[in-house]
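In what follows, a structure is listed as structure tokens, so that the remarks can point back to it.
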Amino acid sequence: MKKVLLVSFLAAILSFAAFGQFEESQIKGEDFEKLKVRLGADFAMQYQVLDHFADSALIPLGTGFNLPTANMVIESLLAPGIKVNLTTYLSSRHHNETWVKGGYLIIDELPFFKSEKIDRLMDYLTLRVGDMDINFGDAHFRRSDNGHVVSNPFVGNYIVDAFSTQIAAELMFRSNGWLLMGAVSTGSLKPALAGYSASSGYTAYDTHRELAFYWKGGYDRQLSDDFRIRLTLSGYHSPNHHFGSLYYGDRAGSRYYLVMNRVTNSPNDVDITKNHLSGSWSPGFTDKNNAFMFNLFSRYKGLEFFGTFENMNATSLAGAEIDLSQYAVEGIYRFGNEEQFYGGLRYNRAWNKSDQYITRFQAGAGWNIIESILLKLEYVNQNYSGFTSQYGADAGFKGVMVEAAISF
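Under this note's numbering, think of the first position of the sequence shown as -1, with each following residue one higher.
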């Protein structure tokens, strides 16, 4: 019985890291006997061969290894149907020192109430609460998260990256493939009680006045042994905040190091911790933000499709109107006796109402040498249009990225 519980615990964890996985399956606690702890880690390293160009002066860009990144993960079954997760960034591009990403509880059962009615209700419900990567949209399940890159078949994430850790509580209902989630969060990766600026002096911040609300509804079903489909629509609504971070919450940094850094004759031009989102398009911190994301995932045998469309309408901290949209489509084909090899294409386009847009094409291939070791190769070509004040009329970057990853 102990072996069964341990195997099911590890299988749930490994399945979450695999391609095509989204929310974790419910934890069943019938066989729980005592507290069990799992220590895991993620490690990733890239070799970068990229060139960038613009009508304005950009820094010279060499080829070589990027700073290796690593995560440490501690997970534990605390009680029947209750699990805790703590993730630490051991090294990242934006913060070279070790620091905690976040931690949360997943509650699929409430054994301490000793109620059959509550037990039956919890067969359909999952509560997740803590300081965590919020479950807005489905794209965040297929992105690279510092050292954890095995969920992303490519090297880079989306141009516009909806990712933020926030103190939040999420309640999800699941039944016969249907899912519905409602959630509330603090709206920012950086909790604060007060702030100061030279122009306005001191300001007190009240969490209850700056709450953000988000939700997800959809359908996810394995229709046959060979065919699975998942369709979701998500929304995020933050009416007022001093530091809204949904589109400025990646504290680890972009995989494309130093691309498009302009010459300012400063050491910051070549400091990887500065402009850590190079190659991405972020509106920065926002005051108010209304965002929607639509996702479609399907898999037939070894062929996968994943699509995203999203739009955000927001105001900056200075009060400027922001309207950003993007779509991304990708196709992946997995092959080999254990589908240990794959190849795929992704096209991503982001634009605003000021006739500015960025396009990115990625062609990738990968090899799962063993279950915990992945080798990736990517060709990327990104182009900018309408960014004349920054780069002139013609700008972009392209080249090859090689990434090696270990996750266990």
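Even glycine gets a Cβ: it sits at the ideal position worked out from N, Cα and C.
Cβ-Cβ separation, residue j to residue i (assumed contact under 8 Å), whole Å
i      : j      : result
Ala192 : Thr201 : 6 Å
Tyr254 : Gly277 : 4 Å
Gly300 : Arg332 : 4 Å
CB of residue i within 7 Å of CB of residue j, strictly
i      : j      : result
Phe139 : Ser186 : no
Val158 : Trp279 : yes
Ser405 : Asp131 : no
Ala77  : Gly145 : no
Val472 : Val47  : The requested residue 472 does not occur in the structure, where the chain is confined to residues -1 to 406.
Arg344 : Glu328 : yes
Ile116 : Ile80  : no
His274 : Arg91  : yes
Gly128 : Gly101 : yes
Val257 : Phe395 : yes
Glu208 : His235 : no
Gly362 : Gly342 : yes
Leu177 : Gly233 : no
Tyr45  : Val400 : yes
Ala167 : Val182 : yes
Arg219 : Gly175 : yes
Val82  : Ser89  : no
Leu108 : Phe171 : no
Ala137 : Thr306 : yes
Leu125 : Leu169 : yes
Gly38  : Val71  : yes
Gln360 : Glu376 : yes
Cβ-based neighbour list, residue i, same chain, cut-off 8 Å, excluding 5 preceding and 5 following
i      : result
Val2   : Confidence is the limiting factor: at Val2 the pLDDT is only 39, short of 50, which leaves the residue's position unreliable and the question unanswerable from this model.
Pro281 : Tyr245, Tyr246, Met310, Ala312, Ser314, Ile320, Leu322
Leu221 : Ile227
Close-in-space but distant-in-sequence residues of the same chain around residue i (CB under 6 Å, 5 per side omitted)
i      : result
Ser296 : Ile227, Phe303
Trp407 : Past the edges of the chain, shown from -1 to 406, lies residue 407, and the structure says nothing about it.
Thr357 : Arg347, Asn381
Leu4   : Unreliable placement is indicated for Leu4, whose pLDDT of 44 sits below 50; no coordinate value is reported for it.
Asp392 : Asp53
Thr67  : Ala42, Ser89, Ser90, Asn144, Gly145
Thr86  : Met70, Val98
Cβ neighbours of residue i in the same chain (closer than 7 Å, five flanking residues each side left out)
i      : result
Ser370 : Ile404, Ser405, Phe406
Ile368 : none
Phe283 : Phe241, Gly242, Ser243, Tyr246, Leu315
Pro237 : Lys286
Pro189 : Ile165
Ser162 : Ile132, Leu187, Ser243, Leu244, Gly247
Cβ-heavy atom distance, residue i to the ligand HEM, below 6 Å
i      : result
Gly193 : The ligand HEM is not part of this structure, which contains no ligands at all.
Chain B within 7 Å of residue i, Cβ atoms only
i      : result
Tyr331 : Reference to chain B is not applicable here, since this structure consists of a single protein chain.
Segments assigned beta strand (DSSP E), at least 3 residues, entirely inside the segment 181 to 229: 192 to 195, 199 to 202, 210 to 220
Tell me whether the segment 290 to 298 and the segment 257 to 271 touch, counting them as touching only if at least three CB pairs, one residue from each stretch, are closer than 8 Å. no
Does the segment 32 to 41 come into contact with the segment 380 to 391, if we say contact requires no fewer than three beta-carbon pairs (one atom in each stretch) closer than 8 Å? No contact exists between the segment 32 to 41 and the segment 380 to 391.
Under 8 Å: do the segment 47 to 61 and the segment 385 to 400 share three or more Cβ pairs, one atom per stretch? yes
Segment contact, 8 Å Cβ cut-off, at least three pairs: the segment 221 to 233 with the segment 245 to 255: no
If you scan the segment 104 to 179 from start to end, which runs of the alpha helix (DSSP H) of 4 or more residues do you find wholly inside it? 114 to 120
Enumerate, from N- to C-terminal direction, the unbroken beta strand (DSSP E) stretches of 3 or more residues contained entirely within the segment 300 to 366. 301 to 314, 319 to 333, 339 to 350
If you scan the segment 260 to 300 from start to end, which runs of the beta strand (DSSP E) of 3 or more residues do you find wholly inside it? Restricted to the segment 260 to 300, the beta strand (DSSP E) segments that are unbroken, complete and at least 3 residues in length are 284 to 298, listed in chain order.
Complete runs of the alpha helix (DSSP H) confined to the segment 363 to 406 [at least 4 residues]: 386 to 389
Report the residue ranges of all beta strand (DSSP E) runs contained in full by the segment 17 to 54; include only those spanning at least 3 residues, in chain order. List check, beta strand (DSSP E) in window: 34 to 52.
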